[in-house]
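*Asks:* Residue numbers are given in the working numbering: position 384 of the sequence shown equals residue 429, and the series is strictly consecutive.
Even for Gly, the Cβ is constructed at its ideal location relative to N, Cα and C.
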Amino acid sequence: MDIKNRFQNAYEELEDAVKRRNERQVYTCLGYSSNLDVLLDFKAEKLNEMLAGYLPDEGYQDMKNAGIIQNVQDLLHTIVYFCTNGIGGEADITDPSLIFENFAYSYGMGGTAVQAAMALSKVGGHSVVHLTDDSQEVLDILDSPFIHAADPEGRLCRTRDIKGHNPQELHFILQFKKGDVIRTAGQETEIPCSNRLILTRNTVNETLPLWEPFFRWTEEHAQQVTSNVLSSFNAITDPAVLLKRLEFVKRHAQVYHQNNPDGIIYFEDAHYHNAEVRGICMDTVYPHVDIMSMNEEELQYTLEQMFLYRLDIDDIIECVQGAEFLMKRYTVRKGIVVHTKDYAMFVGAPGNVDIESGLIFGAVMATAKAMFGGYGGEKEIREVLKLPLSEKGLRNREVIMNSPWKDRVKIVPTCYIDKPKYTIGLGDSFTAGVQLCF
Numbered sequence: 046m047d048i049k050n051r052f053q054n055a056y057e058e059l060e061d062a063v064k065r066r067n068e069r070q071v072y073t074c075l076g077y078s079s080n081l082d083v084l085l086d087f088k089a090e091k092l093n094e095m096l097a098g099y100l101p102d103e104g105y106q107d108m109k110n111a112g113i114i115q116n117v118q119d120l121l122h123t124i125v126y127f128c129t130n131g132i133g134g135e136a137d138i139t140d141p142s143l144i145f146e147n148f149a150y151s152y153g154m155g156g157t158a159v160q161a162a163m164a165l166s167k168v169g170g171h172s173v174v175h176l177t178d179d180s181q182e183v184l185d186i187l188d189s190p191f192i193h194a195a196d197p198e199g200r201l202c203r204t205r206d207i208k209g210h211n212p213q214e215l216h217f218i219l220q221f222k223k224g225d226v227i228r229t230a231g232q233e234t235e236i237p238c239s240n241r242l243i244l245t246r247n248t249v250n251e252t253l254p255l256w257e258p259f260f261r262w263t264e265e266h267a268q269q270v271t272s273n274v275l276s277s278f279n280a281i282t283d284p285a286v287l288l289k290r291l292e293f294v295k296r297h298a299q300v301y302h303q304n305n306p307d308g309i310i311y312f313e314d315a316h317y318h319n320a321e322v323r324g325i326c327m328d329t330v331y332p333h334v335d336i337m338s339m340n341e342e343e344l345q346y347t348l349e350q351m352f353l354y355r356l357d358i359d360d361i362i363e364c365v366q367g368a369e370f371l372m373k374r375y376t377v378r379k380g381i382v383v384h385t386k387d388y389a390m391f392v393g394a395p396g397n398v399d400i401e402s403g404l405i406f407g408a409v410m411a412t413a414k415a416m417f418g419g420y421g422g423e424k425e426i427r428e429v430l431k432l433p434l435s436e437k438g439l440r441n442r443e444v445i446m447n448s449p450w451k452d453r454v455k456i457v458p459t460c461y462i463d464k465p466k467y468t469i470g471l472g473d474s475f476t477a478g479v480q481l482c483f
């Protein structure tokens with residue numbers, strides 16, 4: 046079946062995959078952070094108004110990412126930098142009132158694990174989540190018969206039955222749209238690409254406290270856990286704390302593999318605040334991972350920052366070679382997934398896993414999030430499948446199919462949307478979809 050027909054049949058295939066999993070009573074385990082997202086109602090007109098009031102004489106070319114936002118000038122510099130470059134990323138903010146006093150907002154759910162759980166629940170897939178921010182707002186948003194947590198005795202329950210014990214953590218999500226115009230000091234420039242900026246006020250995830258009952262349940266019921274997703278170490282800033290958490294998770298991964306040799310340890314990468322944290326994470330956990338997953342910017346950043354390995358992310362063969370380099374350097378067991386707005390790709394040897402189906406499920410669920418702003422169920426996914434496949438993704442697939450890499454690479458185009466309504470949680474929805482192939 047060619048790739049266009051695979052996409053035409055994608056919903057039926059996804060529905061069958063979920064049905065088989067539920068008949069077998071299996072779960073995806075998802076870790077490790079949760080937080081309350083503050084979703085900003087961001088408009089370029091509001092930004093331009095603030096720029097005229099606070100920074101009337103500064104051009105956009107001079108504005109840089111402050112890294113740590115301590116005042117309104119830092120805030121504006123950082124927003125303009127990310128918008129005018131069309132890139133996503135994160136920065137820390139010390140004073141949340143800078144946001145609350147200037148932007149309208151609503152609440153949502155943050156963290157790879159919990160967003161993936163919500164995406165899975167929308168298609169009827171069961172998961173077990175590890176929570177850090179377990180504030181009442183978080184527990185209420187997550188409440189679903191498909192989303193499970195471990196209680197203090199190591200039994201599964203709904204999040205509404207959990208008693209929270211950790212502090213709340215806020216992440217401010219600012220989404221900007223391609224084509225909107227930024228005006229500074231008499232100059233104008235268009236935003237080149239839709240993306241998102243995350244401003245974090247770290248509390249609980251700075252130390253990422255691990256909930257032992259979650260790990261106990263996963264290890265004791267490993268045969269019911271088709272995949273075990275690791276993420277969220279990037280917010281830890283203390284190397285000693287990080288290493289302690291990583292050593293615990295490394296031992297957990299070993300026990301899980303012993304109890305379920307066919308189970309998948311899946312690591313979803315992220316933006317890291319410093320190279321030392323990234324390096325410790327890579328050295329400690331990567332060798333125990335079956336599948337490593339990242340977007341193209343994370344692939345480029347990792348290679349260039351850690352190894353001075355130059356990568357053109359618009360060259361699909363270079364991306365394959367970069368993924369192969371990381372796979373061999375860290376002896377990742379099965380392979381590396383690279384996901385972008387135009388294609389999703391697996392480099393490696395998946396064994397008996399139908400990884401191409403996983404890439405399609407992930408791509409469809411991510412596009413549903415981008416298109417509608419919420420997690421995609423039957424209605425949304427059927428609408429997504431009416432979209433054309435990305436021309437760039439189709440070209441990249443053709444390049445791979447006619448290259449020496451064709452037996453090592455699975456690549457699928459995405460259902461393309463030029464101006465997404467939503468750009469946060471797309472990678473998390475993609476991660477959710479991939480888990481359905483295990």
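Residue ranges of each alpha helix (DSSP H) run of no fewer than 4 residues wholly in the stretch 77-114, ordered along the chain?
*Replies:* 89-99
*Asks:* Identify which residue in Val183, Val125, Met372, Ile192 has its Cα closest to the Cα of glycine 393.
*Replies:* Met372
*Asks:* Would you call serine 276 buried or exposed, if buried means 16 or more other Cβ atoms sit within 10 Å of its Cβ?
*Replies:* buried
*Asks:* Quick check on this structure: which residue in Tyr317, Ser180, Ala315 has the alpha carbon closest to the alpha carbon of methionine 154?
*Replies:* Ser180
*Asks:* Who are the near neighbours of serine 79 in its chain, counting only those whose CB is closer than 6 Å to its CB and skipping five residues on each side?
*Replies:* So the qualifying residues of the chain are Gly156, Val159, Leu176, Thr177, Asp178, Val183.
*Asks:* Less than 8 Å separating the beta-carbons of threonine 271 and phenylalanine 406?
*Replies:* Phenylalanine 406 is positioned such that its CB atom lies no closer than 8 Å to that of threonine 271.
*Asks:* Cβ of methionine 416 less than 8 Å from any chain C Cβ?
*Replies:* Of the protein chains in the structure, only one exists, and it is not chain C.
*Asks:* Output the distance between the C-alpha atoms of alanine 411 and aspartate 387, rounded to the nearest integer angstrom.
*Replies:* 11 Å
*Asks:* Would you kindly work out how many angstroms separate the C-alpha atoms of tyrosine 286 and leucine 187, rounded to a whole number?
*Replies:* Looking at the sequence shown, residue 286 is not tyrosine but valine. Taking the straight line joining both Cα atoms gives about 28 Å.
*Asks:* How close, in whole Å, do the beta carbons of asparagine 211 and cysteine 74 come, if the pair is a contact with beta carbons under 8 Å?
*Replies:* Between cysteine 74 and asparagine 211 the Cβ distance is about 19 Å, and since that is not below 8 Å, they are no contact.
*Asks:* Drop a sphere of 10 angstroms on the beta-carbon of tyrosine 99, count the other beta-carbons inside from all chains shown, and report buried for 16 or more, exposed for fewer.
*Replies:* exposed
*Asks:* Mapping the DSSP letters down to three states, classify phenylalanine 483 as helix, strand or coil.
*Replies:* coil
*Asks:* For the beta strand (DSSP E) containing glutamine 268, name the first residue and the last one.
*Replies:* Note, glutamine 268: premise wrong, no beta strand (DSSP E); not H, not E.
*Asks:* Suppose contacts are defined by Cβ-Cβ distances below 8 Å. Is tyrosine 331 in contact with arginine 323 by that definition?
*Replies:* The answer is no: Cβ separation not under 8 Å.
*Asks:* Rounded to whole angstroms, what's the CA-CA distance from glycine 438 to lysine 49? Just pull it up for me.
*Replies:* 12 Å
*Asks:* With three or more beta-carbon pairs closer than 8 Å as the criterion, would you say the stretch 247-266 touches the stretch 107-119?
*Replies:* no
*Asks:* When the Cβ atoms of the stretch 191-211 are set against those of the stretch 256-268, are three or more pairs found closer than 8 Å?
*Replies:* Output reads yes: the stretch 256-268 touches the stretch 191-211.
*Asks:* What does DSSP give as the partner residue(s) for glutamine 220 in the beta ladder?
*Replies:* Beta-bridge partners assigned by DSSP to glutamine 220: Arg241.
*Asks:* If we ignore side chains and look at the alpha-carbon of each, how far apart do proline 395 and isoleucine 309 end up?
*Replies:* 10 Å
*Asks:* Under three-state DSSP, which class holds lysine 455?
*Replies:* strand
*Asks:* Could you check the C-alpha separation between lysine 20 and leucine 59 for me, to the nearest Å?
*Replies:* Residue 20 falls outside the range modelled here, since the chain spans only 46 to 483, and no answer is possible.
*Asks:* Using only the alpha-carbon positions, how far apart do leucine 84 and glutamine 213 sit?
*Replies:* 16 Å
*Asks:* Measure the C-alpha to C-alpha separation of tyrosine 311 and phenylalanine 293 and round it to an integer number of angstroms.
*Replies:* 16 Å
*Asks:* Using DSSP's beta-bridge definition, name the partner residues of leucine 215.
*Replies:* Leu81, Arg246
*Asks:* Considering serine 338, what are the terminal residues of the beta strand (DSSP E) in which it resides?
*Replies:* 336-340
*Asks:* Helix, strand or coil for asparagine 273, going by three-state DSSP, please let me know.
*Replies:* strand
*Asks:* Roughly how many angstroms lie between the CA atoms of valine 409 and phenylalanine 475, to the nearest whole one?
*Replies:* A direct Cα-Cα distance of roughly 8 Å separates valine 409 from phenylalanine 475.
*Asks:* What does the alpha-carbon distance come out to for the pair glutamate 443 and aspartate 360?
*Replies:* Using only the alpha carbons, I get a separation of about 13 Å.
*Asks:* For asparagine 340 versus histidine 384, is the C-beta spacing smaller than 8 Å?
*Replies:* One thing to note: asparagine 340 has its Cβ within 8 Å of the Cβ of histidine 384.
*Asks:* Under a three-way DSSP split, which group does serine 180 fall into?
*Replies:* Looking at serine 180 - three-state DSSP - the assignment turns out to be coil, as it is neither helix nor strand.
*Asks:* Along the chain, where does the beta strand (DSSP E) containing glutamate 233 start, and where does it finish?
*Replies:* Segment 232-235, the beta strand (DSSP E) holding glutamate 233.
*Asks:* Go ahead and label isoleucine 113 buried or exposed: buried means 16 or more other beta carbons lie within 10 angstroms of its beta carbon, across all protein chains shown.
*Replies:* exposed
*Asks:* Contact check, leucine 430 vs cysteine 460 under 8 Å by CB: the rounded distance?
*Replies:* 7 Å
*Asks:* Smallest Cα separation from alanine 389: which of Leu434, Gln299, Tyr375, Ser151?
*Replies:* Closest option to alanine 389, Cα to Cα, is Leu434.
*Asks:* Within this structure, are the beta carbons of threonine 245 and tyrosine 105 separated by less than 8 Å?
*Replies:* no
*Asks:* Measuring alpha carbon to alpha carbon, tell me which residue in Glu321, Phe191, Asp86 is nearest tyrosine 150.
*Replies:* Asp86
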